Every structure is written in C-alpha cells, then in structure tokens.
Amino acid sequence: MSTSSLNRSGFGSPVPLLAVLASGLVGIALALVFFVAPEDADQGLSQKIFYFHVPIALTAYACFGWGAFKALLLLWRKEERYDLESYVAVHQGTIFGALTLATGSIWAKASWGHWWLWSENQLVLFLVLFLFYSAYFMLRFSIEEGPRRANISAVYALFGIALVPVSFLAIRLAENVIHPTVFTREGPQMTGTMFFTFCVAWVAISALAYALYRLELLGKRLDSNLRELREALSS
Amino acid sequence: MISARALEKRYGRKRALRPLDLDVASGSFLVVTGANGSGKTTLLRLLAGLAAPSRGTLEVAVDRGRLGYLGHEALVYRELTALENLDLYGRLYRVPERRERIGMLLERFGLWEARGERASALSRGMLQRLALCRALLHDPDLLVLDEPFTALDVQGAALLDHQLAELRGTRTVVVSTHEPERVQRLASARLALT
Amino acid sequence: MTFLADVATLARKDLRLELRARDTLPAMLLFVVSTLVVFRFALPEGADDVAAQGLLWVALVFTALLGLARAWAPEREGGALEGLVLAPTDRSAIWLGKSAAVFIFLCALDAVALPAFALFFAPVNLSTVAGVLLANLGICAIGTLLAAMAAASRTRELILPLLFLPLAIPLVVGGVGAGVSAEPARFLAFLGLYDGVFAILCWASFEYVVSE
Chain L
433 MSTSSLNRSG FGSPVPLLAV LASGLVGIAL ALVFFVAPED ADQGLSQKIF
483 YFHVPIALTA YACFGWGAFK ALLLLWRKEE RYDLESYVAV HQGTIFGALT
533 LATGSIWAKA SWGHWWLWSE NQLVLFLVLF LFYSAYFMLR FSIEEGPRRA
583 NISAVYALFG IALVPVSFLA IRLAENVIHP TVFTREGPQM TGTMFFTFCV
633 AWVAISALAY ALYRLELLGK RLDSNLRELR EALSS
Chain S
-11 MISARALEKR YGRKRALRPL DLDVASGSFL VVTGANGSGK TTLLRLLAGL
39 AAPSRGTLEV AVDRGRLGYL GHEALVYREL TALENLDLYG RLYRVPERRE
89 RIGMLLERFG LWEARGERAS ALSRGMLQRL ALCRALLHDP DLLVLDEPFT
139 ALDVQGAALL DHQLAELRGT RTVVVSTHEP ERVQRLASAR LALT
Chain U
57 MTFLADVATL ARKDLRLELR ARDTLPAMLL FVVSTLVVFR FALPEGADDV
107 AAQGLLWVAL VFTALLGLAR AWAPEREGGA LEGLVLAPTD RSAIWLGKSA
157 AVFIFLCALD AVALPAFALF FAPVNLSTVA GVLLANLGIC AIGTLLAAMA
207 AASRTRELIL PLLFLPLAIP LVVGGVGAGV SAEPARFLAF LGLYDGVFAI
257 LCWASFEYVV SE
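Protein chains in written order, with this note's numbering: chain L, 433 to 667; chain S, -11 to 182; chain U, 57 to 268.
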C-alpha cells in the first residue's frame, strides 16, 4: 500500500496549489485573449478560438506522449503505479483531444462556414487519434484488472504514439491526391502581443491539464487505498 | 533450486496467493496441498513462470527450457494429432533425438496406438496422458505438476505413479494435489496452503 | 538461428491446421467476393474507377479482419498459447510465426480478390498489387498482435475491429494512393515505412501482450 499518497492527501499535496495556479493562469489567459490581443481584421472574434484550439491540441499530444512514457516505464520497471499514471494521462489526452475536435470544428465553422474540413490536417489527425484512444478505453475495461491489463494497455499506448507521425504523414499524402485542398489558409501572422497571448494560453492550458492529471491520479489512488483498507479490515 | 520470500500474487483486488516463504532444494519432491482457492494453481503458475509475482521475490534456478509444467489444460493443439503436437513441442524445446524420445514417451504412457488421433478426439484421460508426455518431453530438471492425477483412469494413474517414482531424487518435482495420500510415500517435503 | 527455425515451425503448424480444417480461408474468399458484389450494387451508375479502388481496400481490410478474428483460435481452444509461452522460444517468434502464416493467407486472399475486382470493376495496375502486398505486411504484423490483445478481452470479437481500424487508416491511404496516384512510389515508400515502424514495435512488445 502506498502510504505516501495517503499522507500527502490534503497535507502538503501539490494538488490544491496546482488547481489554484492553473485557474489563475487560465483566468489571465482569458483576460488577455478577450481584452488585450488585437482582433483579427478578417475573422473577427472567432479568431480568438485559435488561442485555445492550438494549445489544447498541443496539450493533448503532450498527454498522449506522457501516457506513452509512463507505459514504457511500466513495461521496463514493472511497477504498478505506472499503469495508473499512464491511464490517467491517456484519459486526459482523450478529453483534450475531444476538446480539440470541438474547438477545431467551431473554428472551421466560424472561419470557413463548414463544421468539418477534411483539408484540415490537424483535425483529421485528431479524429484518427480520438478513434484510436477511444478503443483504448474499450480495451481496458473489457480486461480484468491485473498485470495482463496493465501490460496490454501500455503496449497499446505506445502504438498510439507511433501512430501520430505515421498518421500525419498519411494525411499529408492523402490531401494531395485523395482529397485535394480546396481551401488555402494563410498562416496567422502573429504580432508580438498575439504571440505573447498565445504563449500564456499555452502555459495556462498545460497547467490546467497537469492539475487535472494530478487530481484524477490522486482521486484514483485514494479510491484504491480505501479499497485495500476495507479488504484488510474485513479479512 | 527454488527460493521465495514473501511471495504474493494479486489480480487487481483479488488476492490469489497470500505471502509465502518457500525453499525447495534440488532433487526434492514437494507436495502442495490445500483447499480450492487456497492458491495452489497460482503458486505453481508462478513457479513455472506463467505469472509474475505481485510482491516478494521468487528465484527459480532453471530456465524455461529445463522446466516442465502440467496445468489444468492440456496445452495442446486440438486439431493436431498427438504425434504432431509432441513433434511441435519437441522442436521448440530442441529435444535431441526427437522422434525416438516421442515414441518412447507415447509407449510409456500407452498412447502409441492413438498417436495418429487428433487431440480433440482423445478422451480426457488420454489427453491428460498426452499433456504429461508434453511436460516430460524435454527431460526437464524441474517438474511442476498441477493436480496431475485428474482424469486419469486406474491404468493411467499407475503409469504416472511409476514415472514419478522414477524421477524422485534425480529431478526436482513439485506436485499439487487434492489427494495427498497418493504421493505421500514419494514426498520429501510438504506445503499446505490455507 | 533457432529464432527463425521456431518461426518456421510455428508458421508451418498454422498452415497445416488451416489446410486440415479449411474453415477460415474459404470463408474469407467467399466474404471478399460477396462484399465486392455488394459494393457493385452500392455504387451508383457512373461512379468512376477511382472510387471503386477505395472500395477494393475496404473489402480487403474487412476481410482481413474476419480472418484475424480467428488467428489465435487454435491456441485458445486447447490452451496451447501457454504451452508456447512456457517453451524456451522467443516470444516474438510466436508473433512472427503467426504473422507469417497470416501473410500467406492474405496473399491467397488477394489472389482471388484482385481478379474478382478486375472482373467486376476495373483493371488492376501493378502499383496496386505492390500496394496490396506491402499493406499485407502491415496488416499481418499489427493484426496478429492486436488479435492477441483482443483474445485477452471479454468482448473478443467486438474489440478487434475497434483496435484495428484506426491503425489501418494509414494503410488504406497508402494503398489507394498507390493505385490512383500519378506518383505511386511515394505511397509505396510510405507503406514500407509503416510496415517497418510497426513491425519493430510489434516485435518488441509482443512479449508483454502474452505475459502476466
């Protein structure tokens, strides 16, 4: 039983601090986005979505990467805790991935008038990843708890990370031949203020993701500790 | 040959084997007894390397090629014949003089006539005998047998008795059983799981 | 060297089992032909050959899934997988042996599917054939591993397609591209890259899929 997390719950656990910090950063980011960053001449208010969409996407990648890293540690070191850490990271990644799809879709609608664009490589990539990681959960919940489940989940998480560059390449190839690009997009020319706002938003979203990650991890560990206690008391 | 300290196995929340210390010297004949659910099968699977310990340490001084295991399932291909199954395992275990050894074992366990039958066509008792052949095929240094007398008829049980008596002393044997009286005279060590 | 010998032993075993039972491969052959016929009716009149190419790949992927669902059935039925895991064989040899057998089945499938497609829809060019062969490598590599994962799951038959399809998307892109594009080499190279990356990953990780 890992007593360390028990001791840390509420007393010196970084989670409350992280939550406050993350909320604060998100608040600052929101303020910057809506009050400080200049409005785009062409797209107007809808362009503001960009400040959230891209950081959310980047954070989702980071979560999947973190999950794969923990998965690797699990297979290498064979310590149980990595399984939970990998799972929570993938879970957060999936949530942020879903948000990426949602914000991306809103942005597409606001910018081009369509809810979905096959020419938007990032969006398509996230769709594929979302499908992949949704299957992760179906797989995980259909196997009994134990080392088998942990190992299989870990291997699958590693496959996911390998899928990212491979899918990206595939989509790039496809857009030229199978789905020729209809809309051309000029990359946003970012002024200094815009760039600063973007960075703040990125840090804020990353902090939020990390806070949520630690929060979920803590919650699950408390759950399992509670169960162990119950078992120990009843036997 | 086998050394375990605080060996424990859990599957998620279920505890399959309580913490256990164990020492088995080379050449011993260990009989493991216990009620259903006490962890006999789990322990034997751990010894065979089919499962990894959740906690504690386990050291088994033989590598996979020198270990023979008999579980609850025969671990054979149902649509291959007895002979083909043993030939397959013989190749994987790199058994020298494979054909002779297979023939010898099939005869010893009374399976020679049935060697061309598919495993799916064998009776439960014959299948158990085939599984025994598979476990013994590569002349292992450590034999781990989980309730080997299951499904064996009188003749089969006698053959197994004879085989175990032959192995006693020259090989290390771990046998789990519901009926300890059967192997009582052979046992050099006993372990009762609760 | 014993690694390759084990792979050969195991692949031979699978071929022998299929030749004896003759259940999976004939079903796959019938399935792909039926699917192509269904597609023929599903495609509206005047649809071009390029669209049909896409359907070829859909047929191939789903037929492969059908076969993969039964890939580990012999091991499951008699508990033989544990027997293989017990043996001193490298665990990746178990994966490679099974993949090799699946690859042969897929090639047998293509030998029927491609002529059928040419008959029902449009002629098949060389780069499509090359694409199919390269894609087969990817399918058998990841399919075999994913099927082993699915075997550990409660919802065996349901979960395999869910695991397989997202990973198959790049293969379909590569395959269709090789068939319709003016520069098939890029797509074939991409398929080769996919095969390389995932074969290495499967080879390294199969051990963990079957161990406890």
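All C-beta atoms, glycine included, are put in the ideal place defined by N, C-alpha and C.
Every value quoted in this text rests on a predicted model; they were computed, and no experiment measured them.
CB-CB length for residue i against residue j, believed under 8 Å
| i | j | result |
| --- | --- | --- |
| U/VAL117 | U/ALA224 | 5 Å |
| S/SER16 | S/THR160 | 6 Å |
| S/THR21 | S/PRO136 | Not confirmed; about 14 Å, so no contact. |
| S/GLU105 | S/ALA70 | 6 Å |
| L/PHE558 | L/LEU533 | 6 Å |
| S/PHE97 | S/LEU74 | About 11 Å; that fails the 8 Å criterion. |
| L/PHE484 | L/ALA633 | 6 Å |
| S/ARG82 | U/LEU142 | About 14 Å; that fails the 8 Å criterion. |
For residue j and residue i, the rounded distance between their alpha carbons
| i | j | result |
| --- | --- | --- |
| S/LEU68 | U/SER90 | 31 Å |
| L/THR625 | L/GLY459 | 17 Å |
| L/ASP655 | U/LEU137 | 35 Å |
| L/HIS546 | U/GLU74 | 50 Å |
| L/GLY529 | L/PHE562 | 6 Å |
| L/VAL556 | S/THR30 | 47 Å |
| L/TYR565 | S/ARG156 | 53 Å |
| S/PRO128 | S/LEU55 | 5 Å |
| U/LEU66 | U/SER267 | 19 Å |
| L/PHE467 | L/ARG646 | 31 Å |
| S/ALA49 | L/ALA636 | 54 Å |
| S/GLN116 | S/ARG66 | 13 Å |
| S/ARG3 | L/PRO579 | 13 Å |
| U/THR298 | U/ALA169 | Residue numbering for chain U in the displayed model covers 57 to 268; residue 298 of chain U lies beyond these limits and cannot be assessed. |
| U/CYS196 | L/PRO487 | 37 Å |
| S/GLY113 | S/LEU140 | 5 Å |
| L/LEU601 | L/VAL587 | 22 Å |
| L/THR616 | L/ALA643 | Any answer about L/THR616 is weak, because its pLDDT of 43 lies below 50 and its placement is not dependable; what the coordinates show is given next. Distance between the alpha carbons of L/THR616 and L/ALA643 is about 37 Å. |
| S/ALA109 | U/GLU131 | 17 Å |
| L/GLU648 | U/GLY187 | 44 Å |
| U/ALA269 | L/SER543 | Only positions 57 to 268 of chain U appear in this structure, which leaves residue 269 of chain U out of reach. |
| L/MET570 | S/LEU133 | 36 Å |
| U/TYR250 | U/LEU227 | 8 Å |
Residue i at chain S interface by Cβ criterion, 8 Å
| i | result |
| --- | --- |
| L/GLY578 | yes |
| U/VAL253 | no |
| U/ALA156 | no |
| U/ALA204 | no |
| U/ARG76 | yes |
| L/ARG659 | yes |
Proximal residues of chain U, C-beta to C-beta of residue i below 8 Å
| i | result |
| --- | --- |
| S/GLY53 | ALA143 and PRO144 |
Any non-hydrogen atom of the ligand FAD closer than 7 Å to residue i Cβ
| i | result |
| --- | --- |
| U/ALA174 | Absence of the ligand FAD from the depicted structure is noted, as is the absence of any ligand whatsoever, leaving it without description. |
Under 8 Å from the C-beta of residue i: neighbouring residues of chain L
| i | result |
| --- | --- |
| S/ALA36 | By Cβ distance, chain L contributes nothing, its closest Cβ being about 16 Å from S/ALA36, past 8 Å. |
| U/ARG56 | Because chain U is modelled from 57 through 268, residue 56 of chain U falls outside the range shown and cannot be assessed. |
| U/SER148 | Within 8 Å Cβ-Cβ: nothing; U/SER148 doesn't reach chain L, min ~13 Å. |
| U/VAL265 | ASN583, ILE584 and VAL587 |
| U/THR283 | Chain U is shown only over 57 to 268; residue 283 of chain U falls outside these bounds and no answer can be derived. |
CB contact below 8 Å: residue i versus chain U
| i | result |
| --- | --- |
| L/ILE575 | yes |
| L/VAL587 | yes |
| L/ALA567 | yes |
| L/ASN439 | Because L/ASN439 carries a pLDDT of 48, less than 50, the predicted location of this residue cannot be relied on, and the following value inherits that uncertainty. No, L/ASN439 does not count as interfacial toward chain U. |
| S/GLY98 | no |
| L/LEU504 | no |
| S/GLY44 | no |
| L/THR435 | Its pLDDT being 47, under 50, L/THR435 is placed unreliably in this model, and the value from its coordinates should be taken loosely. By this cut-off, L/THR435 is not an interface position. |
Proximity test, Cβ basis, 8 Å: residue i and chain L
| i | result |
| --- | --- |
| S/GLY22 | no |
| S/GLY77 | Position check: residue 77 of chain S holds Tyr in this sequence, whereas Gly was assumed. No, its Cβ sits nowhere closer than 8 Å to a Cβ of chain L. |
| U/VAL93 | no |
Chain S residues whose Cβ lies nearer than 8 Å to that of residue i
| i | result |
| --- | --- |
| U/ALA136 | LEU63, VAL64 and TYR65 |
| U/LEU81 | None at all; the shortest Cβ gap to chain S is about 14 Å. |
Neighbour list for residue i in chain U, Cβ cutoff strictly below 9 Å
| i | result |
| --- | --- |
| L/LEU563 | LEU218, LEU221, PRO222 and ILE225 |
9 Å Cβ cut-off: residues of chain L touching residue i
| i | result |
| --- | --- |
| S/ALA40 | LYS510 and PRO579 |
| S/ARG1 | GLU577, SER656, ARG659, GLU660 and GLU663 |
Contact set between residue i and chain L, taken where Cβ atoms lie within less than 7 Å
| i | result |
| --- | --- |
| U/SER261 | VAL587 and LEU590 |
Within chain U, partners of residue i - CB distance below 7 Å
| i | result |
| --- | --- |
| L/VAL560 | PRO222 and ILE225 |
Q: Would you check if the stretch 528 to 540 of chain L and the stretch 655 to 662 of chain L touch, i.e. whether three or more CB-CB distances between them fall below 8 Å?
A: no
Q.
Using 8 Å as the cut-off, can you tell me whether the stretch 95 to 111 of chain U makes contact with the stretch 120 to 134 of chain U, which would need three or more C-beta pairs spanning the two stretches below that distance?
A. Note that the stretch 95 to 111 of chain U does not touch the stretch 120 to 134 of chain U; fewer than 3 beta-carbon pairs, one per stretch, sit closer than 8 Å.
Q. Are three or more beta carbon pairs between the stretch 79 to 93 of chain S and the stretch 38 to 46 of chain S nearer than 8 Å?
A. no
(Q) With three or more beta-carbon pairs closer than 8 Å as the criterion, would you say the stretch 243 to 260 of chain U touches the stretch 629 to 642 of chain L? (A) The stretch 243 to 260 of chain U makes no contact with the stretch 629 to 642 of chain L: fewer than 3 CB pairs, one atom from each, lie closer than 8 Å.
Q | Three or more C-beta pairs below 8 Å linking the stretch 149 to 163 of chain U and the stretch 187 to 195 of chain U | A | The stretch 149 to 163 of chain U, when compared against the stretch 187 to 195 of chain U, does touch it at the 8 Å Cβ threshold.
Q: Examine the Cβ distances between the stretch 511 to 519 of chain L and the stretch 580 to 593 of chain L and report whether three or more of them are shorter than 8 Å.
A: The stretch 511 to 519 of chain L vs the stretch 580 to 593 of chain L: in contact.
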